[in-house]
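Working notes, structure below.
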Amino acid sequence: MTATDKTAEIREGVDRETVETVKSVGERYKYGFETEIETEYAPKGLNEDIVRLISEKNGEPEWLTEWRLRAYRRWVQMKEPRWAMVDYPPIDYQDQYYYAKPKSMAQKPKSLDEVDPKLLETYEKLGIPLREQMILAGVEGAEAAPSDGRRVAVDAVFDSVSVGTTFKEELAKAGVIFCSISEAVREHPELVRKYLGSVVPYSDNFFATLNSAVFSDGSFVYVPPGVRCPMELSTYFRINAEKTGQFERTLIIADKGSYVSYLEGCTAPQRDTNQLHAAVVEIVVLEDAEVKYSTVQNWFPGDEEGKGGIYNFVTKRADCREARAKVMWTQVETGSAVTWKYPSCILRGEESQGEFYSIAITNNYQQADTGTKMIHLGRNTRSRIVSKGISAGHAQNTYRGLVSVHPKARGSRNYTQCDSLLIGDKCGAHTVPYIEIKNNSSRVEHEATTSKVDDDQLFYCRQRGMDEEEAVALVVNGFCREVLQALPMEFAMEAQQLVAISLEGSVG
Amino acid sequence: MAMPETATDALEARLQAAPSGGGAWIRAARAAAEGRLRAMGLPGRRDEYWKYTDPTSLISPEVAPAEALTADEAPVFDGIERLRVVFVDGRLDAAASDPLALEYLEIEPLSQVAEVDIHWAAEVFGQLEARGQDPVARPLAALNTALATEGLVIRAKGVVPRPVSLVYVHERPSSDAMIHHVVRVEPGAELTLLENGPAAARFNKVLEVDVADGGRFHHVRAQGRDHDRQAVTHLFARLGAEALFKSFTLTVNGALTRNEAVVELLGDDAVAHVAGAAAGDGAEHPFHQDDTVFVTHAAERCESRQVFKKVLRNGAVGVFQGKILVRPGAQKTDGYQISQALLLDGDAEFYAKPELEIYADDVKCSHGSTSGGLDPDALFYLRSRGVPEAEAQNMLVLSFLAEALAEIEDPRLREDLEARLEAWLRRRTR
Chain A
1 MTATDKTAEI
11 REGVDRETVE
21 TVKSVGERYK
31 YGFETEIETE
41 YAPKGLNEDI
51 VRLISEKNGE
61 PEWLTEWRLR
71 AYRRWVQMKE
81 PRWAMVDYPP
91 IDYQDQYYYA
101 KPKSMAQKPK
111 SLDEVDPKLL
121 ETYEKLGIPL
131 REQMILAGVE
141 GAEAAPSDGR
151 RVAVDAVFDS
161 VSVGTTFKEE
171 LAKAGVIFCS
181 ISEAVREHPE
191 LVRKYLGSVV
201 PYSDNFFATL
211 NSAVFSDGSF
221 VYVPPGVRCP
231 MELSTYFRIN
241 AEKTGQFERT
251 LIIADKGSYV
261 SYLEGCTAPQ
271 RDTNQLHAAV
281 VEIVVLEDAE
291 VKYSTVQNWF
301 PGDEEGKGGI
311 YNFVTKRADC
321 REARAKVMWT
331 QVETGSAVTW
341 KYPSCILRGE
351 ESQGEFYSIA
361 ITNNYQQADT
371 GTKMIHLGRN
381 TRSRIVSKGI
391 SAGHAQNTYR
401 GLVSVHPKAR
411 GSRNYTQCDS
421 LLIGDKCGAH
431 TVPYIEIKNN
441 SSRVEHEATT
451 SKVDDDQLFY
461 CRQRGMDEEE
471 AVALVVNGFC
481 REVLQALPME
491 FAMEAQQLVA
501 ISLEGSVG
Chain B
509 MAMPETATDA
519 LEARLQAAPS
529 GGGAWIRAAR
539 AAAEGRLRAM
549 GLPGRRDEYW
559 KYTDPTSLIS
569 PEVAPAEALT
579 ADEAPVFDGI
589 ERLRVVFVDG
599 RLDAAASDPL
609 ALEYLEIEPL
619 SQVAEVDIHW
629 AAEVFGQLEA
639 RGQDPVARPL
649 AALNTALATE
659 GLVIRAKGVV
669 PRPVSLVYVH
679 ERPSSDAMIH
689 HVVRVEPGAE
699 LTLLENGPAA
709 ARFNKVLEVD
719 VADGGRFHHV
729 RAQGRDHDRQ
739 AVTHLFARLG
749 AEALFKSFTL
759 TVNGALTRNE
769 AVVELLGDDA
779 VAHVAGAAAG
789 DGAEHPFHQD
799 DTVFVTHAAE
809 RCESRQVFKK
819 VLRNGAVGVF
829 QGKILVRPGA
839 QKTDGYQISQ
849 ALLLDGDAEF
859 YAKPELEIYA
869 DDVKCSHGST
879 SGGLDPDALF
889 YLRSRGVPEA
899 EAQNMLVLSF
909 LAEALAEIED
919 PRLREDLEAR
929 LEAWLRRRTR
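As you go down the protein sequences, you meet chains A and B in turn.
Okay, so the first sequence: first residue is 1 according to the working numbering, each after it adds one.
Okay, so the second sequence: first residue is 509 according to the working numbering, each after it adds one.
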């Protein structure tokens, strides 16, 4: 089950400039456990009935069911994209469960004792504190229990359903709505109807269309005008059940002059079959509002032979709809067997701003094709892209990005920097930027470099008594510094450790 | 690959014109090219590799007419001592050319070489083109190998004392030229190849260059100033150990120009530089210029450089698709790529796709791409020193292009092309 106790095999120490293989992250994947919880499944496969069933289970109104069905009908006609520099065997979409729900959620337990102990165990392993565990497990009255001082509101999504949201009342005082999207459909249908699919339409791309048809849950955030969200919001995603795809949908709306910082984390059990994760995140940013969206993606990456792992095919897009709106994507991608992900910014409002900071680490047989799109439509819009790709083992790591400046986006500015680092001679690092400029008053700069861990820097660290592994971790953390600094505190620490863990055993 | 019927018909119609007869070696090469072409089909607007340039007019059965420009300045490379070979609307004009003889040089028309059964050119003709089809298909180059009957087969056996200069003349308004040259530079030999002129209303050219160990090859071309001409050119080069390859292209005017360069560094310590400067003004005639470069490092300690600069105004469109591919084991690679566009007004467009694909860890590869207008501070500085605005602009444009022109080693050639650019700018300055 778990592989954390395996001791690292230490290679006989030969001092070499760079070492070929990196010890697997898989071996150290501490979230690789699986919880045996009774789960309620919808039948395997995908057809209109399944789509209807999911909709019915969530108690959705007619318009949403119709919307899902339109997406499904569209999806049937679409072809899976194959342009990314990733290689994986064909996915059998009929051999998946599209709906799985822990059974214990059917009735609300009165206290923690009544909660399925396996579920609690999972939360504990994930490092979620007791009080939050109570809330997430749906214990009645848990909101009133004393807080232990950590101030992050959490929404946990277990397989397909949101199992609970913390700090809801406190957030409600500020007017912030933070709940699962299925709840939002029931409680705030006008908001959902207005904004759902307005950034990523149901016909957007193969995986987003699939998600539109079958998404079962996800998080919903609405920050009213002028409100600075009093705490960080966080969603925790976990795929537990086998042969289950996870299709969550997140919708964030930052009304005029508001601010919210949103964190997203994900893990999955260790299995030798691949699992599909096709999420959609939509962010609407109105006048003067700002959204900060940070992800630490640590889905199971597969073992050191490349067996198993998550296929992470995600569509994330932010629409800076009005003037001076600002969005900032920060991602640390260390997990997943295959990643296909391009968090994008549509800079529609004048002087709106988009930023993208990314660290993508691939090891063993992981493949990542990730980057961003900055679409400049409004005047004086600004964007900044900083991407750091680190490739080790037999992994392939690609940055793919688009910077598009439309004729009307006069006075716009973009700066792109993508750096790749290679550790070992069996891996690959690639850069595929698209730059499309249609006016002369905008300035666009793109820079990319590829190199290996600098020998002089390593030598310097070793001279000061560090062993090679520490030295590499330090140099790599330095290489990623600009991105790590962009993360909120809670995540920065985790991310820094992740970087070090991912590279453990890369030398020696 | 299955093609829609109309596309297949268009391809078959083009292949109707395939030459029959000829010696055994060329028949084999042409048949192989036909096979390749059938397998990949003609390019279409939806092909990723043609995302920014529409190939329709390059493959259509009809050629859009283009008027030849009446010369208002001395031909390019006029003062340079060279061996001139003239092609008129794609046909070798022996009478207008110098005798095909020079020390350390073998030079023969393709039409002659095609008649013999065995020839060394078989090792190069269509071979480098075939290698260049992977990983990206270049159907128009295969089409050229299958159909071209004109061109030169050149072999440098030592340091060739004078440049070989190919002069292309465009006369008929709807000429459709297809030329295929083969060059082999033997170990330690050196050759400079010059090309200038518009060739035809529509021009499809393949130039295959095989540079053996320690060979040196210089290539400088100016593509002619005809406005409505269309051209797709392919340069395939293969480099041995310690070989040197330098190519520079100047493009001013032209409704559609696509210059593909595919360079493979197969021997250790080889050096390849590919550079280009383009200037386009879409005010009276459309201008669309595309540089598509693919450099493959397959040996150790090689150096490659791609330097492309474009100056665009009035709806002119510039495209750069460049790639550095470093194969596993190509350690100590030094790869550099820069693509920059200077947009002189609000209408011009620039599209760039500068790619890196790297499978070796001990390498130094970088690329940069920028786009923007003239720097107002620099303009102000020059004006405050008494330089009139128009002249100040031209100075800044020329200095912007200088990095690309600096890739031409021979100062006489460089100065000649600099003067052309300056004249071009001055004609557009009011």
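Here a beta-carbon is modelled for each residue, glycine too, at the ideal position from N, C-alpha and C.
Are the Cβ atoms of residue i and residue j separated by less than 7 Å?
{"i": "B/Val815", "j": "B/Ile846", "result": "yes"}
{"i": "B/His742", "j": "B/Val717", "result": "no"}
{"i": "B/His550", "j": "B/Pro647", "result": "According to the sequence shown, residue 550 of chain B is Leu rather than His. In contact: B/Leu550 and B/Pro647 (Cβ atoms closer than 7 Å)."}
{"i": "B/Ala749", "j": "B/Val719", "result": "no"}
{"i": "B/Ala780", "j": "B/Phe744", "result": "no"}
{"i": "B/Gly598", "j": "B/Ile687", "result": "yes"}
{"i": "A/Met85", "j": "A/Thr398", "result": "yes"}
{"i": "A/Ser441", "j": "A/Leu422", "result": "no"}
{"i": "A/Ala323", "j": "A/Glu355", "result": "no"}
{"i": "B/Asp799", "j": "B/Phe828", "result": "yes"}
{"i": "B/Leu833", "j": "B/Cys810", "result": "no"}
{"i": "B/Val728", "j": "B/Leu702", "result": "yes"}
{"i": "A/Leu484", "j": "A/Ala473", "result": "no"}
{"i": "A/Asp509", "j": "B/Asp869", "result": "Because chain A spans 1 through 508 in this model, residue 509 of chain A falls outside it and cannot be assessed."}
{"i": "B/Arg821", "j": "B/Leu850", "result": "no"}
{"i": "B/Val939", "j": "B/Ala730", "result": "Absent from the structure is residue 939 of chain B, since the part of chain B shown begins at 509 and ends at 938."}
{"i": "A/Phe300", "j": "A/Ala278", "result": "no"}
{"i": "A/Gly245", "j": "A/Leu276", "result": "yes"}
{"i": "A/Leu233", "j": "A/Phe313", "result": "no"}
{"i": "B/Val668", "j": "B/Leu613", "result": "yes"}
Measure from the alpha carbon of residue i to the alpha carbon of each residue in the options, then state which is nearest.
{"i": "B/Leu591", "options": "B/Leu699, B/Ala537, B/Pro569 and B/Ala539", "result": "B/Leu699"}
{"i": "A/Ala395", "options": "A/Val332, A/Asp303 and A/Ala279", "result": "A/Asp303"}
{"i": "A/Thr334", "options": "A/Ser352, A/Gln496 and A/Ile54", "result": "A/Gln496"}
{"i": "A/Asp204", "options": "A/Val280, A/Arg228, A/Leu263 and A/Glu232", "result": "A/Val280"}
{"i": "A/Arg193", "options": "A/Phe247, A/Ile252, A/Phe167 and A/Ala174", "result": "A/Ile252"}
{"i": "B/Ala537", "options": "B/Ala622, B/Ala579, B/Val770 and B/Asn822", "result": "B/Ala622"}
{"i": "A/Asn274", "options": "A/Val199, A/Glu350, A/Leu347 and A/Gly308", "result": "A/Gly308"}
{"i": "B/Ala582", "options": "B/Val803, B/Glu575 and B/Gly705", "result": "B/Gly705"}
{"i": "B/Ala579", "options": "B/Lys872, B/Glu679, B/Phe595 and B/Ala629", "result": "B/Glu679"}
{"i": "A/Lys316", "options": "A/Asn298, A/Ile361, A/Glu264 and A/Lys408", "result": "A/Glu264"}
{"i": "A/Gly218", "options": "A/Val260, A/Glu282 and A/Ala486", "result": "A/Glu282"}
{"i": "A/Cys418", "options": "A/Ala360, A/Tyr72 and A/Met78", "result": "A/Ala360"}
{"i": "A/Gly401", "options": "A/Ile385, A/Gly393 and A/Gly411", "result": "A/Ile385"}
{"i": "B/Ala656", "options": "B/Gln797, B/Pro617, B/Phe725 and B/Asp789", "result": "B/Pro617"}
{"i": "B/Pro681", "options": "B/Phe711, B/Gln901, B/Ile916 and B/Phe802", "result": "B/Phe711"}
{"i": "A/Tyr235", "options": "A/Ile346, A/Pro225, A/Arg228 and A/Thr250", "result": "One detail in the question is off: residue 235 of chain A reads as Thr in this sequence, not Tyr. The option with the nearest alpha carbon to A/Thr235 is A/Thr250."}
{"i": "B/Glu923", "options": "B/Gln738, B/Leu906 and B/Arg935", "result": "B/Leu906"}
{"i": "B/Leu890", "options": "B/Lys817, B/Asp601, B/Asn902 and B/Arg639", "result": "B/Asn902"}
{"i": "B/His689", "options": "B/Gly640, B/Ser683, B/Val632 and B/Gly696", "result": "B/Val632"}
From the DSSP output, which residues share a beta bridge with residue i?
{"i": "A/Asn274", "result": "A/Gly309"}
{"i": "A/Glu333", "result": "A/Gln297 and A/Ala360"}
{"i": "A/Trp340", "result": "A/Phe313 and A/Asp369"}
{"i": "A/Ile385", "result": "A/Phe356 and A/Thr416"}
{"i": "B/Ala769", "result": "B/Leu743 and B/Val801"}
{"i": "A/Met328", "result": "A/Lys292 and A/Glu355"}
{"i": "A/Val483", "result": "Answer by DSSP bridge pairing: none, since A/Val483 is not bridged."}
What residues of chain D sit near residue i, judged by a beta carbon separation below 8 Å?
{"i": "A/Ser441", "result": "Note that chain D does not occur in the displayed structure, where the protein chains are A and B."}
Please report the Cβ distance between residue i and residue j, rounded to the nearest whole angstrom; I am assuming they are in contact, meaning their Cβ atoms lie under 8 Å.
{"i": "A/Thr370", "j": "B/Cys873", "result": "About 19 Å; that fails the 8 Å criterion."}
{"i": "A/Val200", "j": "A/Tyr98", "result": "Between A/Tyr98 and A/Val200 the Cβ distance is about 19 Å, and since that is not below 8 Å, they are no contact."}
{"i": "B/Asp721", "j": "B/Asn761", "result": "The Cβ separation is near 39 Å, so there is no contact."}
{"i": "B/Tyr676", "j": "B/Ala707", "result": "4 Å"}
Any heavy atom of the ligand FMN closer than 6 Å to the Cβ of residue i?
{"i": "B/Glu897", "result": "Of ligands this structure carries none, so the ligand FMN is not represented either."}
Any chance you could list the beta strand (DSSP E) runs of at least 3 consecutive residues sitting entirely within the region 809–872 of chain B, in chain order?
Within the region 809–872 of chain B, the complete beta strand (DSSP E) segments of 3 residues or longer fall at 811–821, 825–834, 842–851 and 857–866, listed in chain order.
What ranges does the alpha helix (DSSP H) occupy inside the region 47–79 of chain A, keeping only unbroken runs of at least 4 residues that lie completely in it?
Whole alpha helix (DSSP H) segments, 4+ residues: 48–57 and 62–77.
Whole runs of the beta strand (DSSP E) within the region 414–441 of chain A, excluding any shorter than 3 residues:
428–437
Of all the beta strand (DSSP E) runs that stay within the bounds of the region 579–626 of chain B, which reach a length of 3 or more residues?
Listed in chain order, the complete beta strand (DSSP E) runs (minimum 3 residues) inside the region 579–626 of chain B are 591–596, 599–601 and 613–617.
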